[in-house]
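For the sequence shown, my numbering begins at 1 and goes up steadily by one.
For reference, the structure discussed in these notes is given below.
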Amino acid sequence: MEEKIKIYVSAEVNQILQKDMQLFEFFKKDHSLNKNAFLNTLIINYYESYQNNNSQIFEKIKSVLQEKSNCQANEIGEVAFAILKSIREQADNLEKEKYDQTLSLKPTKASRKIIEYIQNFLLEQMTMSQYFRDLFASYCKLPQDKREQIIFKEQVEVIQEAIGSKRKLYLAVKPNFSKKQRDKSKHQHIVSPYIITGAKEELFNYLLAEKDGKLFSFRLSRLEKVIMRNEELHFSEGAEKVFAKMIEYGPQFAFDEQDGQEICVYLTEEGQRSYERMYVHRPKAIRVEGNHYYFDCSQNQIMQYFFRFGSSARVKDPKELAAQMKEKHFIAWKRYERQGK
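This is the structure in structure tokens:
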């Protein structure tokens, strides 16, 4: 199968797919979106789960028919299939005008055999375009962190195997486009993996791991290559307790050496309203005393979250963190002044 397959999807599905291509960094060398690579990866990694879900629905319909209908045993499968087909056709009639976005899929060497298998055995009187449209729509209904696990299924499986086998991992992390670092060793790590966990906002998944006595947080979609090694993993004393904190407060914020001190932030009334309203990356307060909020999270999380508050939030303790926040605001003010001239 060499020809391209045209797939007609809704604007909403197309938007989610395009967004995932960007978030999960499917780019060509010229930094344009590599749509074909993404769609083929999605099909390879998701078609089995999608097909299993359809089979479960089919079996459920058969079960209901066996209990509630007068169908003969040899007719139940045929009737169940007819019901499924009718549901699909009805959905098409209701939403046909919405399928106005076109995706072009060219099978790759990795996906060709799978797509041929789908064409020969799984279509069940559907066209290829209809099958993939439904598959993409099913994928897009999932939370973003679940979609990330699908796209990076290979990495997830290797990581889970290493954790289960208590083995270390080699990680190759994608370099940032904006930071051209020639030293490839900065993007390569030998780590002891602890867990894959999702952020509270259901946005991304993170691998929590230890390397040379330091704790790290790696975003799943940034792991270009993952290889299990023969070395047995090892965690330093107290590491699991810190990992538990990272899971609770936000796995994207690794704990550094200065972390572990109680943090106090003073919030004005406006700051308190912002704290209640701004959910993303919000640290959990361990107690509140009037306008003073106390935290036990990483200092990096405090910096990233409360910097947006401006004068509505002031770090009181520890003093080193207060000085860092003040310096960050001062630098931002200087840039603002320069741009205004």
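Beta carbons are placed, not taken as given, at the ideal position from N, Cα and C, and that holds for glycine.
Measure the C-alpha to C-alpha separation of residue i and residue j and round it to an integer number of angstroms.
i      : j      : result
Lys316 : Phe218 : 30 Å
Met21  : Ser63  : 39 Å
Val156 : Ser311 : 42 Å
Ile195 : Arg338 : 45 Å
Ile247 : Tyr117 : 41 Å
Ala285 : Asp296 : 8 Å
Phe307 : Ile163 : 36 Å
Tyr294 : Cys264 : 5 Å
Phe58  : Met228 : 39 Å
Ile5   : Asn45  : 18 Å
Val9   : Glu224 : 29 Å
Phe255 : Ile150 : 28 Å
Lys168 : Gln119 : 40 Å
Ser55  : Tyr131 : 14 Å
Arg335 : Gly250 : 30 Å
Asp212 : Asn300 : 21 Å
Leu42  : Ser138 : 11 Å
Lys113 : Ile7   : 19 Å
Lys60  : Glu202 : 30 Å
Phe243 : Ala199 : 13 Å
Taking the beta carbon of residue i as the centre, do at least 16 other beta carbons fall within 10 Å, making it buried, or is it exposed?
i      : result
Phe330 : exposed
Phe136 : buried
Glu148 : buried
Ala239 : buried
Phe121 : exposed
Glu210 : buried
Val226 : buried
So if DSSP puts residue i in a beta bridge, which residue, or which two residues, is it bridged to?
i      : result
Lys225 : Ala172
Ser104 : Lys6
Glu232 : Arg167
His31  : His31 is not bridged to any residue.
Gly250 : Gly250 is not bridged to any residue.
Asn205 : Gly198
His189 : Leu171
Val315 : Val265
Is DSSP giving residue i helix, strand or coil here?
i      : result
Phe295 : strand
Asp256 : coil
Trp41  : As written in the sequence, residue 41 is Thr, which differs from the Trp given in the question. Reduced to three states, the DSSP call for Thr41 is helix.
Tyr266 : strand
Val64  : helix
Ala110 : coil
Lys211 : strand
Arg282 : coil
Ser69  : coil
Phe216 : strand
Glu240 : helix
Glu289 : strand
Gln130 : helix
Gln261 : strand
With distances taken from CA atoms, which of the options is nearest residue i?
i      : options                           : result
Asn53  : Gln101, Phe38 and Asp134          : Asp134
Gln272 : Ala313, Gly238 and Pro283         : Ala313
Ala82  : Gln160, Met126 and Tyr170         : Met126
Ala37  : Val13, Pro107, Asn14 and Gly213   : Pro107
Tyr170 : Asp145, Asn230 and Ser221         : Asn230
Arg222 : Gln252, His281 and Phe121         : Gln252
Lys35  : Leu103, Ser69, Ile76 and Gly260   : Leu103
Lys109 : Asn40, Gln130, Ser165 and Ser236  : Asn40
Tyr99  : Met325, Ser129, Gln18 and Tyr305  : Ser129
Leu123 : Glu262, Tyr50, Glu25 and Ala11    : Tyr50
Pro283 : Thr197, Trp333 and Ile302         : Ile302
Val288 : Leu215, Glu276, Thr197 and Leu208 : Glu276
Asn14  : Phe216, Cys140 and His187         : Cys140
Leu17  : Ser192, Pro318, Leu142 and Gly290 : Leu142
Can you confirm whether residue i, when its beta carbon is compared against all beta carbons of chain C, has any partner nearer than 7 Å?
i      : result
Arg308 : Given the protein chain composition of this structure (a single chain), no chain C is represented.
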